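First up is the structure itself, then whatever we jot down about it.
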Amino acid sequence: MKSTLLCLAAIAQTVLLSVSAEPIQKIPLYYQKRTSGSDFISADATDLRNGMLGGVVQIGNPPQNLTMAFDTSTGFSWVRGTQCGTENCQGRNDFDSRNSTTIISTGQSFVMDYGEGIVHTTIYMDTFRFAGLTVKNMPFGGAYEMEGFNEGFDGYLGLGRNVNLNTSSTVYAKRDISASGFVPNAFQQSSGLSSAQFGMYTTTAGSGFSDSGSTVASSVAMPNEVTGGGFGVVRRSSSSNEPAGYLVIGGVDKDAIKGDLYHIDVGDAEDNDSGNWAVSVNSAKFEDDLCFNVSKKAKAVLSSSTDVIGLPNAQAKEFQDRWYAEYDKPDNTFKIPCCLMEYLTPFNIELGSIMATIPPRYWSHPRKVNTCCEMCRTHIGKSESDTDYVIGSAFTNAFYTQFNTEKNRVSLAMKKNHVKDGLKLSQV
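The sequence shown lines up with residues -21 to -1, 1 to 407 when you count with mature numbering (1 follows the signal peptide of the UniProt record, and there is no 0).
Okay, here's the thing in C-alpha cells:
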C-alpha cells in the first residue's frame, strides 16, 4: 500500500461505448496524485512509480463521489464511513449513508485483513456508478475503523472474485445479499458488458519507459481492434493533457498484445474466502543466484493494491542476507547497497504452467551515489506468509494481465510495442 495513487480522472464522464454485438468501453486514465483535502494535482508517472490505480466511484442516490483504489486481491469493496474516527481514517472523504435514499443496511459487520492493513466495516447495499456502469444493490463496507492504510484514497474497489459476505448474524437471507465483485455484478445486471472478464495493461509513461521500467517502441496509440471479453488499463503519455491510458471493458485490445495470451488456472472461487486471484507456484528463483525451495501448496496472489513482489518469509530472509539489505517495514520493501544493484539478476517464477522472467529494471531503482553505503530501493518485499507469494504491480504492469471470472483463470501476454529487454513469458 503506497502513499500515492494513480487516479483515473474524468472516469464516468469520458466513457466511450461501442454499440455492437460485443460492446466495449474505453475509459481514459490520467496520472494524478492527491494533495491536501479532496484536491488533486497532475504529476508525471515517474513521480508515482509506487502508486496504485484508482478511480472516482459514485455511491448512493444522490451520488456521493469517492476515490477508490483498484484492488484485485479481493472482491470486497469498502469506503470510509462517517463513523470512522480512528487516526487512519483522517484526511479521507467519507460516505454518509444517511444521505442516500436507496441505502440498505444489512446489520452485518465484516472485517478484511490485508496483512499490513485491516478495516472493520458495516455492510450496506446501494447503487454504484463507475465507468458508465450502474450496479444496483452493490454490497460494500462502510468503514468504522481502519489501520495501516496510506493516504490518497477513500476506499477500495474490489476487483477480485466474489467474497461471501453472508453470516448467521445477518438479518438478510443468503439470497438477499448479492455477490460482492463489481465486474460480475455489472455483467449480471446487463450493464452493457459482453463478458465478466477484465484485465489491466500499461504502456509508456514518459521518457520511453513504462511505470515499471519497461521499454516500449512507441507511445503513439494505434486504432484498437477488440475481441470479446475483458477490460484493460493502458498508460500512454506523461503529458497531463493526454490520457495516460485506457480502461477497456468488455473486450480484449488486440493492438495491445504481442503473441498469445498465456492462461493460468486459479482455484475454485467457493474455496477462496477472500475472493483473490491466487495461482499455483511451482518454482521461483533469481537467475544464477538464489534458487528457492517452494512449497508444494504455494500460491501467488495477484494484487493491484501493492507494487511489491512479496516473497515467503524464509525466502525474503535469504534475499535480505544475500544482498546485505535493509527492510523498510512501512514500505514493505528491501533496500540494498546501491553499488550492488548492477549485480541483481532476473526473477523467474513458474505460475501454473507459465514461466515469467522479470529483469531487475522492473523491480529495482538504481541511482548514482557517492558511496556504496547509500541504499537503493527494490520492489522485493515480504508476503507475510511461510509459503505464498504476492505479485504486485512491479510484476503485473510489465504484462497485459487479464482476469476471467467465468473460466477461473488469469492470463498474461507481452505488450504489443515491447522492445526486447529480457522480459519473457513461456509455456513450461
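Yeah, the Cβ is synthetic: ideal placement off N, Cα and C, and Gly gets one too.
Quick caveat: nothing in here was measured; it's all calculated off a predicted structure.
Can you tell me whether residue i is helix, strand or coil according to DSSP?
i      : result
Tyr180 : coil
Gln168 : coil
Ser84  : strand
Cys63  : coil
Thr206 : With a pLDDT of 37 at Thr206, under the threshold of 50, the modelled position of that residue is not reliable, and the figure given next carries that caveat. It is a strand residue.
Lys361 : strand
Phe161 : helix
Thr366 : coil
Glu266 : coil
Arg71  : coil
Pro339 : helix
Phe374 : helix
Glu353 : coil
Asn292 : helix
Lys395 : coil
Phe271 : coil
Phe55  : coil
Leu402 : coil
Ser390 : strand
Ala257 : strand
Glu297 : helix
Asp307 : strand
Ala235 : helix
Tyr151 : Only weak support is given to the placement of Tyr151: the predicted model assigns it a pLDDT of 40, under 50, and the question is left unresolved by the model.
Just the C-alpha distance for residue i and residue j, rounded to the nearest angstrom, thanks.
i           : j      : result
Glu305      : Tyr135 : 30 Å
Pro325      : Gly86  : 50 Å
residue 411 : Glu126 : Residue numbering for the chain in the displayed model covers -21 to 407; residue 411 lies beyond these limits and cannot be assessed.
Asn396      : Phe378 : 11 Å
Ser174      : Val142 : 19 Å
Ser283      : Val348 : 31 Å
Lys115      : Tyr93  : 27 Å
Cys68       : Ile370 : 27 Å
residue 408 : Asp300 : Because residue 408 is not part of the residues shown, which for the chain are -21 to 407, the question remains open.
Asp365      : Thr106 : 40 Å
Pro339      : Ile328 : 13 Å
Thr100      : Val90  : 6 Å
Asp267      : Tyr341 : 18 Å
Val58       : Thr336 : 36 Å
Lys399      : Gly238 : 14 Å
His358      : Gln168 : 39 Å
Thr61       : Lys386 : 38 Å
Leu240      : Thr312 : 30 Å
Gln176      : Leu112 : 15 Å
Lys394      : Thr375 : 11 Å
Phe166      : Ser274 : 37 Å
Thr380      : Met47  : 20 Å
His344      : Gly254 : 32 Å
Glu124      : Asp73  : 12 Å
residue 408 : Phe298 : A question about residue 408 goes unanswered here, because the residues of the chain that appear run from -21 up to 407.
Lys361      : Gly121 : 29 Å
Leu404      : Leu290 : 20 Å
Cys355      : Tyr322 : 13 Å
Asn272      : Ser262 : 8 Å
Ala158      : Ile83  : 15 Å
Gly70       : Val258 : 36 Å
Gly131      : Leu45  : 11 Å
Thr285      : Phe382 : 17 Å
Ser56       : Met104 : 11 Å
Tyr180      : Lys233 : 12 Å
Arg140      : Ala295 : 28 Å
Phe49       : Asp307 : 24 Å
Met334      : Asp75  : 47 Å
Short check: CB of residue i to CB of residue j, under 9 Å?
i           : j      : result
Cys270      : Lys264 : yes
Ala110      : Gly34  : yes
Ser332      : Ile236 : no
Thr51       : Trp302 : no
Pro118      : Leu138 : no
Thr384      : Val162 : yes
Tyr368      : Ala293 : no
residue 428 : Ser88  : The requested residue 428 does not occur in the structure, where the chain is confined to residues -21 to 407.
Val389      : Val245 : yes
Leu391      : Leu330 : yes
Val231      : Gly178 : yes
Val287      : Ala373 : yes
Glu66       : Glu363 : no
Following a CB-centred definition, is residue i positioned closer than 8 Å to any heavy atom of the ligand NAP?
i      : result
Val407 : The model on display carries no ligand, and the ligand NAP is accordingly not part of it.
Based on the DSSP secondary-structure assignment, which residues constitute the bridge partners of residue i?
i      : result
Glu329 : Ser262 and Met334
Pro118 : Met104
Phe89  : Thr100
| message | Below 8 Å, how does it come out for the region 72 to 86 and the region 33 to 42: are there three or more Cβ pairs, yes or no? | response | yes
| task | Would you check if the region 303 to 319 and the region 351 to 364 touch, i.e. whether three or more CB-CB distances between them fall below 8 Å? | result | yes
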